[in-house]
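Working notes for the structure below.
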Amino acid sequence: SEKESKKTKSKKEEAVKSEKKSKETESQKKRQDSESKIETLVRSKVVKTPFSIISDVTSFIKFPNMNVKNQEVFVFRNQKDERGRELDTKLLTTVQHYQGEVNCNLVSSNLYEKRVLLELSNQKIKSNMEENWVGTSSWIPIHGIILDKEDEGGVNNYIPAKLPIEIGKYKGEINLREKVVFKEKVIEIKEVSQEIILTKKEFLLPKIIRKGNNPSKIEKGSLLVEGYIFQCIEFISERSTPHDNAYQLIQNLVLELTVQLLQEQEVWVRIR
């Protein structure tokens, strides 16, 4: 009977210990679950990456029309009277022809990117403080050349009309490097939404003053496109806990832009 009581007592002690252990494990799991639920947080950060391309354009489908001044000068023989002697006497006639502006439209954009999320110690932050940089290329014509053909139908089959005419289509490439620094402890980049915003589109033509009947021809102009890449970066971070490391997102970007130049010009339209 004494042995049985000892066995019963030891069994009870083991049961109490196992129950205590299971309770501790259960409470630990609950604590871990509750901590994991409140540990992370989804945040967002807005980044604007500016870009710019300006270079000369020398290839056109159809030459653009431009504002031209016609100036005629008539020189008179110098006269002399009581008031004094004329040194230089001229009569000038200046006529200016105004053309429609050349409009630049964004046709398409391709964005290629490589993203690297870095965790750096404070000692390595200074050595890794590289500046953002931009590298651009010139505009490359991607249009075909249209040759004017003589029509056999005669002039009477045509009427004049003003229509938007495509002057050219061009592609440019911009290489960008953007570094985004986070104050939080970043666990993961969840999503990055992007939009290409153009702030300036200009086709700059030289000013020409034509004297007499000398013909003027445009051989080149400057195409300027400026804007920025608008990014909304959604990331998962730990809740505000002290940390010694810095978190950076390095983005290597290649942006391809295709633009079209249009100008309203007077053309002859065939009628049937």
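Take the UniProt record's numbering: the last position of the sequence shown gets the number 272, and nothing is skipped along the way.
Glycine residues also receive a C-beta, built at the ideal position from the N, C-alpha and C atoms.
Here the structure is a predicted model, which is why all the values come from computation and not from measurement.
Find the nearest neighbour of residue i within the set the options, judged by alpha-carbon distance.
i           : options                           : result
PRO160      : ILE142, GLU72, SER44 and TRP268   : TRP268
LEU41       : GLU188, GLU226, GLU264 and ASN105 : GLU188
PRO206      : GLU173, THR58, SER44 and ILE271   : THR58
TYR158      : GLU234, ARG177 and GLU266         : GLU266
HIS243      : GLU166, GLU234 and LEU120         : LEU120
VAL47       : THR258, LEU262 and SER193         : SER193
residue 283 : ASP88, GLU39, VAL68 and GLY172    : Absent from the model: residue 283. The displayed extent of the chain is 1 to 272, so no value can be given.
ASN78       : GLN231, VAL116 and ASP88          : ASP88
TYR247      : VAL181, ASP81 and PHE76           : VAL181
VAL75       : ASN67, LYS69, MET66 and LYS90     : LYS90
How big is the Cα-Cα spacing for residue i and residue j?
i      : j      : result
ILE53  : ARG85  : 56 angstroms
VAL107 : GLN260 : 7 angstroms
ASN110 : PRO50  : 16 angstroms
GLU195 : ARG272 : 46 angstroms
ARG270 : SER222 : 33 angstroms
LEU224 : LYS183 : 36 angstroms
LYS185 : ILE140 : 44 angstroms
GLU264 : ARG43  : 48 angstroms
TYR98  : LYS220 : 19 angstroms
GLN251 : GLY144 : 35 angstroms
LYS179 : ILE218 : 42 angstroms
GLY227 : ILE197 : 5 angstroms
For residue i, which beta-bridge partners are listed by DSSP?
i      : result
VAL107 : Answer is none; VAL107 lacks a bridge partner.
PRO160 : TRP268
GLN263 : ILE165
TYR98  : Answer is none; TYR98 lacks a bridge partner.
ARG115 : GLN251
Tell me the DSSP secondary structure of residue i in three-state form.
i      : result
GLU188 : strand
GLU226 : strand
GLU256 : strand
ASN175 : strand
ASN245 : strand
GLU86  : coil
GLU39  : helix
ASN70  : strand
ILE61  : coil
GLY144 : coil
Spatial neighbours of residue i within its chain, please: C-beta separation below 6 angstroms, excluding the five flanking residues on both sides.
i      : result
THR136 : ILE53 and ILE174
LEU92  : VAL73
PHE60  : ILE167 and GLY168
VAL102 : PRO64, PHE203, LEU261 and GLN263
Could you pull out every residue in the same chain whose Cβ sits closer than 7 angstroms to the Cβ of residue i, ignoring the five residues on either side in sequence?
i      : result
LYS201 : CYS104 and VAL225
GLU35  : With a pLDDT of only 49 at GLU35, under 50, the local geometry of the prediction cannot be trusted, and no value is derived from it.
LYS190 : VAL42, GLU234, PHE235 and ILE236
Any heavy atom of the ligand ATP closer than 7 angstroms to the beta-carbon of residue i?
i      : result
GLU173 : What this structure holds is no ligand at all, so the ligand ATP is not there to describe.
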